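Residue numbers (full-length UniProt numbering): 1 to 284.
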């Protein structure tokens with residue numbers, strides 16, 4: 001199968017997942033008409049999505065996977081999901097970070113990917129409640145310190161890791177983290193999310209993490225959410241911000257046209273990473 005055919009299949013399956021989440025279920029015959037493909041193609045797509053845990057197959061169609069809103073996957077489990085999309089999102093998000101700025105990064109596998117893209121931006125002050133994100137910078141600084149004498153070096157980032165209680169996704173949350181963040185002010189917040197929707201806004205299955213994320217949002221002049229298309233329509237146990245509190249959403253081309261329209265009505269800017277040379281979609 002050619003690369004273009006693979007891309008079409010990915011986009012088609014993303015549309016199916018979006019329809020299932022938005023409507024609470026779809027039938028095979030509805031999908032064949034909407035997507036203008038054969039019954040066999042739709043069933044193959046549903047089989048593939050069911051194997052990935054994206055939908056649950058039922059007689060004649062598919063429904064959303066029954067997952068508790070309080071379920072929180074670990075970092076390693078999440079790191080295997082949508083790796084290509086996360087790298088494209090990271091590249092586009094890093095382009096929003098100016099040298100010398102104060103940047104906050106929340107926990108998550110997408111912000112982890114962003115952190116690796118920030119290593120070449122000089123004079124940053126980075127505040128994070130993610131053990132994994134902090135490790136990215138500390139490892140890079142260790143490598144720079146051991147470089148041969150005379151090799152050119154840039155000013156390393158100043159990294160502040162909040163304290164707190166560790167979550168399954170290796171974020172530090174709770175009163176200690178909240179207190180550390182409360183007195184700080186960031187030029188930019190790069191924020192990963194468990195779920196994002198028009199009704200629930202930004203959400204997480206972890207109550208303590210929700211409060212810490214609220215603190216991060218309140219302390220930032222500009223809020224940039226980094227989230228692949230599978231996060232749209234997902235709702236965690238606790239909402240911590242509305243879409244109106246977000247300045248930019250950076251996502252991938254798998255986001256459906258219907259979702260893009262909803263987002264464009266509420267957000268000042270939508271960046272679809274990898275869609276064109278600039279990574280920017282037309283603003284709604």
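Note that CB positions come from ideal geometry on N, CA and C, so glycine has one too. Model, not experiment: these values are computed from the prediction.
Under the three-state DSSP convention, the category residue i falls into
i, result
"residue 46", "helix"
"residue 158", "strand"
"residue 82", "coil"
"residue 271", "strand"
"residue 166", "strand"
"residue 217", "helix"
"residue 19", "helix"
"residue 95", "coil"
"residue 191", "strand"
"residue 139", "helix"
"residue 115", "helix"
"residue 8", "helix"
"residue 249", "strand"
"residue 235", "coil"
"residue 133", "helix"
Neighbourhood of residue i by C-beta distance below 7 Å, restricted to the same chain and skipping five residues each side
i, result
"residue 101", "124, 187, 188"
"residue 134", "128, 159, 161"
"residue 114", "90, 93, 94, 105, 190, 226"
"residue 274", "88, 252, 253"
"residue 32", "38, 39, 42"
"residue 34", "none"
6 Å CB neighbourhood of residue i in its chain, flanking five on each side removed
i, result
"residue 162", "129, 172, 177, 180"
"residue 201", "239, 241, 242, 243"
"residue 254", "14, 229"
"residue 136", "115, 116"
Pairwise C-alpha distance: residue j and residue i
i, j, result
"residue 216", "residue 103", "11 Å"
"residue 263", "residue 156", "36 Å"
"residue 261", "residue 119", "34 Å"
"residue 213", "residue 219", "10 Å"
"residue 42", "residue 223", "38 Å"
"residue 88", "residue 24", "29 Å"
"residue 183", "residue 122", "24 Å"
"residue 44", "residue 138", "45 Å"
"residue 28", "residue 22", "16 Å"
"residue 170", "residue 140", "19 Å"
"residue 285", "residue 234", "Any answer about residue 285 is impossible in this case: the structure gives the chain only from 1 up to 284."
"residue 59", "residue 232", "25 Å"
"residue 26", "residue 211", "35 Å"
"residue 203", "residue 185", "22 Å"
"residue 175", "residue 192", "20 Å"
"residue 30", "residue 165", "47 Å"
"residue 265", "residue 86", "24 Å"
"residue 96", "residue 142", "26 Å"
"residue 57", "residue 249", "31 Å"
"residue 126", "residue 84", "25 Å"
Proximal residues to residue i (C-beta, below 8 Å), its chain only, five neighbours per side dropped
i, result
"residue 117", "90, 91, 93, 94"
"residue 53", "65"
"residue 11", "253, 254"
"residue 55", "16, 17, 20, 46, 49, 62, 63, 64, 65"
"residue 167", "72, 107, 173, 206, 208, 209"
"residue 247", "222, 223, 224, 267, 268, 269"
Exposed unless 16 or more other CB atoms sit within 10 angstroms - verdict on residue i
i, result
"residue 258", "exposed"
"residue 8", "exposed"
"residue 98", "exposed"
"residue 199", "exposed"
"residue 256", "buried"
"residue 38", "exposed"
"residue 197", "buried"
"residue 272", "buried"
"residue 110", "buried"
"residue 51", "exposed"
"residue 82", "buried"
Per DSSP, the bridge partner or partners of residue i
i, result
"residue 201", "197"
"residue 55", "64"
"residue 26", "62"
"residue 223", "189"
"residue 258", "Per DSSP, none; premise fails for residue 258."
"residue 104", "127, 189"
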